[in-house]
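Student:
Protein chains: 2
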Amino acid sequence: MDATVKSLDQVLLQGLQEVLGLPDQQIALHEPEFTGNESALVQDCLDSTFVSSVGKYVDQFEGMLANYTGAKYAIAVVNGTAALHIALKLAGVQPQDEVLLPALSFVATANAAAHCDAVPHFVDSSLDTMGMDPIALSEYLGTIAELTSHGLRNRHTGRKIAAIVPMHTYGHPVDMAALMEVANLYKLAVVEDAAESLGSTYQGRHTGTFGKLGTLSFNGNKIITTGGGGAILTNDAELARHAKHLTTTAKRPHHWEFFHDEVAWNYRLPNLNAALGCAQMECLPDFLERKRELANRYQTAFSYLSGILFVAEPAQSHSNYWLNTVRLETPEMNIRDQILTAANAAGYQCRPTWTLLNKLPMFAACPRAPLPVAMQLEASLINLPSSAKLAYPPK
Amino acid sequence: MDATVKSLDQVLLQGLQEVLGLPDQQIALHEPEFTGNESALVQDCLDSTFVSSVGKYVDQFEGMLANYTGAKYAIAVVNGTAALHIALKLAGVQPQDEVLLPALSFVATANAAAHCDAVPHFVDSSLDTMGMDPIALSEYLGTIAELTSHGLRNRHTGRKIAAIVPMHTYGHPVDMAALMEVANLYKLAVVEDAAESLGSTYQGRHTGTFGKLGTLSFNGNKIITTGGGGAILTNDAELARHAKHLTTTAKRPHHWEFFHDEVAWNYRLPNLNAALGCAQMECLPDFLERKRELANRYQTAFSYLSGILFVAEPAQSHSNYWLNTVRLETPEMNIRDQILTAANAAGYQCRPTWTLLNKLPMFAACPRAPLPVAMQLEASLINLPSSAKLAYPPK
């Protein structure tokens, strides 16, 4: 075969090999790393016997998250889905309201809306950020929605559109300045799904701190992990108080009385998991440095190859490069799958992006905008091995 | 003061002192104990890097729970509330259905019904088990409900009564033989809330295995803890499969595709917490032995005292004695609170039972049976320090 007209699977393999070498065993998509104080803090937590719903590590972890992101308040919870569920409730989402979400997202974004008995309403992404496209959104809302004294109303369904959930795809920030303009114009509460973007900033400000509330995830595949965990971010003292109350069974403080004043959840992060989170937060700057180095290497490697583009951080943004992503110049599902098969067979764990949420059976009847870019992204994105250690070992 | 007419707070203090001695520091109501393989297994889990949604400890913990309880299947989840939420859904509870619950229970029992958009319907307890009274229940249903081709209908509200949730209070089993008869007669799905009764059996069979589904909790205050955690028990293969599916985002198995086929939850127990659970399960027989010894000591001490009765395991039952409980012969809220004040001031952490669920603002409008015994229990139960180590140290 002529070396100048390589098939795309060969192109991807060449890029992977240049950056990662030849695998002697499967190179994972993303692995956590516990080379800091993880064992020490977890053992200290066991020694204290406070492994559960109260303990110093929950407070400490919340403090570290607030301090790092610049949010006034961080409330640690059991996972990112729980964080988003409660954040949407606190943003005022009522049963039967619609919530604007990217069609291109992990299923949790839509599940959290469904857990509020609300209706996901899918919108399109932009090619550069892979997140919500503020221009397409603004045009779309202009055609289907009207502002009333009760907020934004979907003229087709008659339902209120209560909130909008920008999600920072694979760690790359949405164009938040433009998005906040649209949200303000249409009086939409903004809840940022920053599950993937701890460490990512837009115009110097941390993702998850632009909206009324933001949410983080510390699942095992994220940039830091607590086993399972998440957090709610907000600058509003009353929302923070209420978030803590709703996620801890709404128990009124009392020496011994069991008095709970609203329907609530057991969404606490156990102290054991928070101890792990504290140690991981100490490692975050090092993780970010090494992930950026890995991203630079991928970017360089793919800059010399044709047909496959590396997805670099968007304008005005500093990405955490949680998952490194390439995009096929010509979107085509069969070719994408063929490339994935070849890469995985060669020992590089590569993954496609998510099936668009509007294609899942439980959300198929939900309202949606035209989704040309999301469809293009679905057929063209491939995630590459992205563990920090693939750049170089921890210091 | 004449020693023969001691005030009740002195009676309680005398009993506590005989069993526990004079405290040199506050004696906790219930403390976990990590003197087995907890550190080793948790460290092994960190070393494996599989701390999150998959890993050998989740499988192992589920196997240990199934083996111990005799349930065919155990599905580990993030906590007891989550377990009950999904168990109720799987039992067929639909929005607006009513669910029969004890008014005397922790708020999670009613919250889980509310999370299904169902309506809690409170029923009375029996004095001996502190759990649902099958005779009172049967009489009550005879007056308010009618069997139709669609199941049991509440004639007053017009709603379907879909399920019944016996809860084994402080580890003492409900009279399940009689309760199952009532449930079968009225075609009610039984979901057992066995959050407090791991290790308790009725007629030799483990609590949580009588109904269609049962649930456990491993919160920090329970007989074993995973930090936060719970499990769903069932003998039905299809319910078990569905429970696992609904608690793990309903993702269809595939090499790389993200395809989810129903609205679902992120209710997984992280592998880190399961590792702790495996070590705790190894200790369970020892915990049970020492807790029974402590209960025997309390029982003996209070058998010589008047006005305060020790709550012993009910007939046909073997209790885990999770929380030791005494009952005032004369129920009176003010006296109860006076006794609690004295006991806590003396260094013994004692607690009342829960505020009856029908008194909480969010459930005040829910239907309820006459609750004479629950009201009596609310004004007369006091929980005593119950950690296993209060009997003797671990072997």
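Chains A and B are the protein sequences, given in the same order. Going by the numbering used here, the letters in the first sequence line up with residues 1 to 395, in that order. Going by the numbering used here, the letters in the second sequence line up with residues 396 to 790, in that order. Just so you know, even glycine gets a beta-carbon here, dropped at the ideal spot from N, CA and C.
Can you give me the Cβ contacts of E238(A) inside the same chain, cut-off strictly under 6 angstroms, excluding the 5 residues immediately before and after it?
Tutor: Residues of the same chain with a CB within less than 6 angstroms of the CB of E238(A), apart from the 5 flanking positions on each side, do not exist.
Student: Could you check what DSSP says for E493(B) in three-state terms: helix, strand or coil?
Tutor: Strand at E493(B).
Student: For L415(B) and chain A, any beta-carbon pair shorter than 8 angstroms?
Tutor: no
Student: Tell me the rounded alpha-carbon separation between V19(A) and S200(A).
Tutor: Looking at the two C-alpha atoms, the distance is approximately 23 angstroms.
Student: Mind checking the segment 438-455 of chain B against chain A and listing, in chain order, the residues whose C-beta falls within less than 7 angstroms of any C-beta there?
Tutor: Going along the segment 438-455 of chain B in chain order, one finds Q438, L441, T444, V446, S447, S448 with a Cβ nearer than 7 angstroms to chain A.
Student: Just the Cα atoms here: how many angstroms apart are A399(A) and E378(A)?
Tutor: Outside the displayed span of chain A (1 to 395) sits residue 399(A), for which this structure offers no information.
Student: Please decide whether M562(B) counts as near chain A, where near means a Cβ-Cβ distance under 8 angstroms.
Tutor: no
Student: Which class does V577(B) belong to by DSSP, given the choice of helix, strand or coil?
Tutor: Secondary structure of V577(B) (DSSP, three-state): helix.
Student: Counting only runs that start and end within the segment 67-118 of chain A, where is the beta strand (DSSP E) found for 3 or more residues in a row?
Tutor: Scanning the segment 67-118 of chain A for uninterrupted beta strand (DSSP E) segments of 3 residues or longer gives 73-77, 98-102, listed from N- to C-terminal end.
Student: List the residues of chain A that W660(B) touches, going by C-beta distances under 8 angstroms, in chain order.
Tutor: T81, N111, H115
Student: Measuring alpha carbon to alpha carbon, tell me which residue in P726(B), S500(B), H567(B) is nearest D519(B).
Tutor: S500(B)
Student: Considering just the uninterrupted stretch of the alpha helix (DSSP H) at Q162(A), what are its terminal residues?
Tutor: Residue identity check: residue 162(A) is Ala in the sequence provided, not Gln. Run containing A162(A): none in the alpha helix (DSSP H); it sits in the beta strand (DSSP E), 160-164.
Student: Restricting to runs no shorter than 4 residues, where is the alpha helix (DSSP H) found entirely within the segment 406-467 of chain B?
Tutor: 433-443, 451-464
Student: When we look at the beta-carbon of E98(A) and count the other beta-carbons within 10 Å, is it buried (16 or more) or exposed?
Tutor: buried
Student: Compare the C-beta of D97(A) with all C-beta atoms of chain B and state if any pair is closer than 8 angstroms.
Tutor: No, because no Cβ of chain B sits closer than 8 angstroms to the Cβ of D97(A).
Student: Against chain B, with Cβ distances strictly below 8 angstroms, would N334(A) count as a contact?
Tutor: no
Student: Please go through the same chain and pick out, in chain order, the residues whose beta-carbon is closer than 6 angstroms to the beta-carbon of A369(A), but skip the five residues on each side of it.
Tutor: V123, D124, Y140
Student: Taking C-alpha atoms, which residue in S48(A), V263(A), E289(A), L305(A) lies nearest to Y392(A)?
Tutor: E289(A)
Student: List the residues of chain B whose Cβ lies closer than 8 angstroms to the Cβ of A103(A), in chain order.
Tutor: Per Cβ cutoff of 8 angstroms: no residues; A103(A) is ~13 angstroms from chain B at best.
Student: Quick one: what does DSSP say A379(A) is sitting in, helix, strand or coil?
Tutor: In the structure shown, A379(A) adopts coil according to DSSP, grouped into three states.
Student: When the cut-off is 8 angstroms and only beta carbons count, does M757(B) lie next to chain A?
Tutor: yes
Student: Taking Cβ positions only, does H655(B) come closer than 8 angstroms to chain A?
Tutor: yes
Student: Applying a beta-carbon distance threshold of less than 8 angstroms, which residues of chain B neighbour S39(A)?
Tutor: Q438, L441
Student: Using Cβ-Cβ distances below 8 angstroms, what residues of the segment 189-223 of chain A are close to chain B?
Tutor: N219, G220, N221
Student: Closer than 7 angstroms, Cβ to any Cβ of chain A: which residues of the segment 742-756 of chain B, in chain order?
Tutor: The segment 742-756 of chain B vs chain A, Cβ under 7 angstroms: R746, P747, W749, T750, L755, P756.
Student: Give the DSSP-derived three-state secondary structure of K646(B) in the structure shown.
Tutor: strand
Student: Rounded to whole angstroms, what is the Cα-Cα separation between T129(A) and I161(A)?
Tutor: 24 angstroms
Student: Is it the case that the segment 311-330 of chain A contacts the segment 148-167 of chain A, given that we only count it when at least three CB pairs across the two stretches are under 8 angstroms?
Tutor: no
Student: Out of E657(B), I530(B), G599(B), G475(B), state which residue places its alpha-carbon closest to the alpha-carbon of P361(A).
Tutor: E657(B)
Student: Please list the partners that R268(A) has in chain B, where partner means a Cβ-to-Cβ separation under 7 angstroms.
Tutor: G623
Student: I'd like to confirm the pairing. Which residues does DSSP put opposite V520(B) in its beta bridges?
Tutor: The question names Val, but residue 520(B) in the sequence shown is Ser. Note: S520(B) sits in a beta bridge opposite M527(B).
Student: Nearest chain B C-beta to L323(A) closer than 8 angstroms, yes or no?
Tutor: Not one chain B Cβ lies under 8 angstroms of L323(A).
Student: On the CB-based measure, 16 or more other CB atoms within 10 Å of its CB, does L424(A) come out buried or exposed?
Tutor: Lying before the first or after the last residue shown, residue 424(A) is absent from chain A, which here runs from 1 to 395.
Student: Measure the C-alpha to C-alpha separation of T148(A) and P134(A) and round it to an integer number of angstroms.
Tutor: 21 angstroms
Student: Quick check: the segment 446-455 of chain B against the segment 604-612 of chain B, are at least 3 beta-carbon pairs closer than 8 angstroms?
Tutor: no
Student: Name the chain B residues whose beta carbon is nearer than 8 angstroms to that of P32(A)?
Tutor: T444, V446, S447
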